[in-house]
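Everything below concerns the one structure shown next.
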Amino acid sequence: MGRTAVHIPDGFIDAPTSIAFGVAAVAGLGYCLRRGSAELDERAAPLAGLTAAFVFAGQMLNFPVAAGTSGHLLGGVLAAVLVGPWIGATCLAVVLLLQALFFADGGLTALGLSTVNMSFVGALGGYLVYRGVLRVLPQRRASVPIAAAVAAALSVPLAAASFVLQFALGGTVEDLSLTAVLAAMVGVHVLIGIGEAVITFLTVGLVMSSRPDLVHGARGVLRRERAAETAAVRSTA
Amino acid sequence: MGAGHAHALYVHRTSVLHRLPAQCKIAAVVLFVLVVVSTPPRAYAAFGAYAALLLAVVLAARLSPLLVLRRMVVEVPFLVFALLLPVVTGGERVDVLGLSLSESGLLGAFNILAKGSLGVAASVVLASTTTIRDLLHGLERLHLPRQLVLIASFMVRYADVLAAEMARMRVARESRGFTATGLRAWPVLSKSLGALFLRSYERGERVHLAMRSRGFNGTMPVLRRTPTRASQWATAFVLPAAAGVVALSAALA
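As you go down the protein sequences, you meet chains A and B in turn.
Residue numbering for the first sequence follows our numbering, beginning at 9 and increasing consecutively.
Residue numbering for the second sequence follows our numbering, beginning at 7 and increasing consecutively.
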């Protein structure tokens, strides 16, 4: 279901808006790359490449819904929580670029638009929501999948709203009421977001139970948990 | 998607288009699509001319037009959306076959269909005449950040490996009697997804160590760098230039 919603074809949004978002995407991506490489030094390329391949392969896994329909993961928040916001956003952008270039899936002139929706709003924005939610939850491991699920649920309609904003700026259809487009897009994507939240919750939960050290977004929680344990041991001693 | 997927849409032929360097083709396709997207929707003849130009390119690439059409199915969901537009859009109505349709909706639908289809067709031609390796090389020659190209080439190299890993997990699930029906399958499928991430990440760490031990320092050495000839750029830009002429004459008419 994601595939139909995010891969904007050419001509859907006018050329000036597409170019403006293309420039924004290039600039933003450059920043993500700098931050990501600073975090991972020379490990960045192999690990980010494998994570991008994971997102790409993961999107091929179909989750049956009902009556023959099925959906798949978009993976923005999942990638951001697992490998960090900068590398996660970069991976999503790479996946979009390669889908457009190798599979003709999504217009080449619309790449900037899709990158802003999926990578910046979906992954980076979703990660901000994740950090915000995690802050108000108890500082325990169990909170990590919950915060990731809430962020995933919100990130999908947020990305849809970002598309509607692009449509408002440079949509090529006249006399189409914007509120109707917004209602339809956000309405559908709230449902997709629920699916995304469930998959993200379960997947992050599994990784947290077997390799919590790999979950980038759980670093702070794990550190505080260890500190609390040490304090408890000291106070009993 | 098994091993064949490494070559995505590539069709092995010998033609002018296949021989052109990837960076020329990518730039030409992007320029062509930009011209198409900037054309006003009412310039119906211009879109016909663009389609004729693309058809000429398809024939020059010795590709079958039917094959290109078949590969354009990726845009089917948007086709459905475009067909809905005349029904849901407001403004002046016209009667078509007894249905009251919106005039601007019809124009919008035509605009999206024409530009979207031309864009997909151009991308299909690019992907059908250029190997993935050459596309990545072309991106680097177009001065995309090297780190980004490196990430992309790792992704390409391992997408098949991970897809195969996922297929093995599916075989393992199904040989234990699992069938993916309904929402109850989600926990099992999500566990597979989590396991896939762990295997991907750990493979990434192993790949990195293997590369480190062979002297990797974060960048890939460039082994061959043949300069692009001006004549190659000129050949590739025949398409966007012709499209530009069409667009100009449509704007002046």
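Where is the CB? At the ideal position from N, CA and C, for every residue including glycine.
From a predicted model like this one, the values you see are computed outputs, not experimental measurements.
Thinking C-beta only, is residue 198 of chain A closer than 7 Å to residue 165 of chain A?
Counted from its first residue, the first sequence places residue 165 of chain A at position 157. Counted from its first residue, the first sequence places residue 198 of chain A at position 190. Yes, the Cβ-Cβ distance between residue 165 of chain A and residue 198 of chain A is below 7 Å.
Three-state class that DSSP yields for residue 13 of chain A in the structure shown:
As a working mapping, residue 13 of chain A is identified with position 5 in the first sequence. Note that residue 13 of chain A scores 39 on pLDDT, short of 50, meaning its location in the model is unreliable and no value can be drawn from it.
In whole angstroms, give me the CA-to-CA distance for residue 127 of chain B and residue 60 of chain B.
Here residue 127 of chain B refers to the residue found at position 121 when the second sequence is read from its first residue. Here residue 60 of chain B refers to the residue found at position 54 when the second sequence is read from its first residue. Computed Cα separation, rounded: 8 Å.
Determine the DSSP secondary structure at residue 102 of chain B, reduced to helix, strand or coil.
Here residue 102 of chain B corresponds to residue number 96 of the second sequence, with the count starting at 1. Residue 102 of chain B falls in the strand class under three-state DSSP.
Does residue 92 of chain A pass the burial test, meaning 16 or more other C-beta atoms within 10 Å, or should it be called exposed?
Working through the first sequence from its first residue, we reach residue 92 of chain A at position 84. Residue 92 of chain A is buried by the Cβ-count criterion.
For residue 25 of chain B, count neighbouring C-beta atoms within 10 Å of its own C-beta (all shown protein chains included) and say buried if the count is 16 or more, exposed if not.
As a first step, residue 25 of chain B must be located in the second sequence, where it is residue number 19. Answer is exposed; the Cβ neighbour count stays below 16.
Can you list, in chain order, the residues of its chain whose CB lies under 7 Å from that of residue 110 of chain B, leaving out five sequence neighbours each side?
For the purposes of this step, residue 110 of chain B is identified with residue 104 of the second sequence, where counting begins at 1. Counting only Cβ-Cβ distances below 7 Å, and skipping sequence neighbours, we find 95 and 97.
Can you give me the C-alpha to C-alpha distance between residue 298 of chain B and residue 134 of chain A, rounded to a whole angstrom?
Any question about residue 298 of chain B goes unanswered here, given that chain B covers just 7 to 259.
May I have a chain-ordered list of the alpha helix (DSSP H) segments no shorter than 4 residues that lie completely inside the stretch 50-88 of chain B?
50-66 and 71-77
Compare the C-alpha of residue 168 of chain B against each of A:61, A:49, A:29 and A:25 and name the closest.
The residue labelled residue 168 of chain B in the question sits at position 162 within the second sequence. The shortest Cα separation from residue 168 of chain B among A:61, A:49, A:29 and A:25 belongs to A:61.
So, is the C-beta of residue 300 of chain A closer than 7 Å to a C-beta in chain B?
Absent from the structure is residue 300 of chain A, since the part of chain A shown begins at 9 and ends at 245.
Assign residue 5 of chain A to buried or exposed, taking buried as 16 or more other Cβ atoms, counted over all protein chains shown, within 10 Å of its Cβ.
Outside the shown range of chain A, which is 9 to 245, sits residue 5 of chain A, and nothing can be said about it.
Is residue 78 of chain A helix, strand or coil when you go by DSSP?
On the first sequence, residue 78 of chain A is found 70 positions in, with the first residue counted as 1. Of the three classes helix, strand and coil, the one that applies to residue 78 of chain A here is strand, per DSSP.
Does any residue of chain B have a CB that is nearer than 7 Å to the CB of residue 35 of chain A?
As a first step, residue 35 of chain A is located in the first sequence; it is residue number 27 there, counting from the start. Not closer than 7 Å to any Cβ of chain B, the Cβ of residue 35 of chain A fails to qualify, so no.
Counting only C-beta atoms, is residue 221 of chain A closer than 7 Å to chain B at any point?
Residue 221 of chain A sits at position 213 when you count from the first residue of the first sequence. No, no contact with chain B.
Tell me which same chain residues have a C-beta within less than 6 Å of the C-beta of residue 130 of chain A, skipping the five on either side of it?
For the purposes of this step, residue 130 of chain A is taken as residue 122 along the first sequence, with counting starting at 1. These residues qualify, in order along the chain: 84, 163 and 167.
Interface residues of chain A around residue 111 of chain B at Cβ under 9 Å?
Locating residue 111 of chain B in the second sequence gives position 105, counting from the first residue. Residues of chain A passing the Cβ test: 181, 182, 183 and 184.
Here's a check: name, in chain order, each residue in its chain whose Cβ is nearer than 8 Å to the Cβ of residue 205 of chain A, leaving out the five neighbours to either side.
Mapped onto the first sequence, residue 205 of chain A falls at position 197. Once the five neighbours on either side are set aside, the close Cβ partners of residue 205 of chain A are 157, 158, 160 and 161.
Mind reading off the beta-carbon distance from residue 48 of chain A to residue 55 of chain A? Whole number of angstroms is fine, and I expect it under 8 Å.
Position 40 of the first sequence, counted from the first residue, corresponds to residue 48 of chain A. Position 47 of the first sequence, counted from the first residue, corresponds to residue 55 of chain A. Going by Cβ atoms, the distance from residue 48 of chain A to residue 55 of chain A rounds to 6 Å, so yes, they are a contact pair.
Taking only three categories from DSSP, how would you classify residue 183 of chain B?
What you label residue 183 of chain B is simply residue 177 of the second sequence in a count that begins at 1. Residue 183 of chain B falls in the coil class under three-state DSSP.
Count Cβ pairs between the stretch 141-155 of chain B and the stretch 206-216 of chain A that sit closer than 8 Å; are there 3 or more?
no
For residue 238 of chain B, which of B:28, B:83, B:18 and B:20 has the nearest alpha-carbon?
Along the second sequence, one-based indexing puts residue 238 of chain B at 232. Among B:28, B:83, B:18 and B:20, the Cα nearest to that of residue 238 of chain B belongs to B:28.
Taking a cut of 7 Å between CB atoms, which residues from the stretch 144-155 of chain B lie near chain A?
151, 153 and 154
Buried or exposed, going by whether 16 or more other CB atoms sit within 10 Å of the CB of residue 47 of chain B?
Your numbering for residue 47 of chain B matches position 41 in the second sequence. Residue 47 of chain B is buried by the Cβ-count criterion.
Is there a Cβ of chain B sitting closer than 7 Å to that of residue 57 of chain A, yes or no?
For the purposes of this step, residue 57 of chain A is taken as the residue at position 49 of the first sequence. Judged by the 7 Å Cβ criterion, residue 57 of chain A is in contact with chain B.
Contact list for residue 44 of chain B against chain A, beta-carbon separation under 7 Å:
Translated into positions along the second sequence, residue 44 of chain B becomes position 38. Correct list: 23.
So, helix, strand or coil for residue 116 of chain A, using DSSP?
As a working note, residue 116 of chain A is residue 108 in the first sequence. Residue state, collapsed to three classes: coil.
Residues near residue 175 of chain A in its chain [Cβ-Cβ closer than 7 Å; skip 5 each side]:
One-based indexing of the first sequence puts residue 175 of chain A at position 167. For residue 175 of chain A, where only same-chain residues beyond five positions count, the Cβ hits under 7 Å are 21 and 189.
Which chain A residues are close to residue 214 of chain B, counting only those with a beta carbon under 7 Å from its beta carbon?
The residue given as residue 214 of chain B occupies position 208 in the second sequence. Result: 51, 54 and 55.
Output, in chain order, the set of chain B residues within a Cβ distance shorter than 7 Å of residue 72 of chain A.
What you label residue 72 of chain A is simply residue 64 of the first sequence in a count that begins at 1. Chain B residues near residue 72 of chain A: 186, 187, 188 and 191.
Could you give the residue range of the alpha helix (DSSP H) that holds residue 220 of chain A?
As a position in the first sequence, residue 220 of chain A is number 212, starting the count at 1. From DSSP, residue 220 of chain A is part of no alpha helix (DSSP H); its letter is neither H nor E.
For residue 29 of chain B, the three-state DSSP class (helix, strand or coil)
Translated into positions along the second sequence, residue 29 of chain B becomes position 23. Residue 29 of chain B falls in the helix class under three-state DSSP.
Quick one: list the residues of chain A neighbouring residue 70 of chain B, beta-carbon separation under 9 Å, in chain order.
For the purposes of this step, residue 70 of chain B is taken as the residue at position 64 of the second sequence. In chain order: nothing, as chain A lies at least about 16 Å away.
So, are the CB atoms of residue 136 of chain A and residue 25 of chain A less than 7 Å apart?
By one-based count along the first sequence, residue 136 of chain A stands at place 128. By one-based count along the first sequence, residue 25 of chain A stands at place 17. Not in contact: residue 136 of chain A and residue 25 of chain A (Cβ atoms no closer than 7 Å).
Leaving aside the five residues before and after residue 175 of chain B along the sequence, list all residues of the same chain whose C-beta is less than 6 Å from its C-beta, in chain order.
Translated into the one-based positions of the second sequence, residue 175 of chain B becomes position 169. If we look at residue 175 of chain B and ignore the five residues flanking it on each side, its Cβ neighbours are 198.
Does the ligand GTP have a heavy atom nearer than 6 Å to the CB of residue 66 of chain B?
This structure lacks the ligand GTP; in fact it carries no ligand of any kind.
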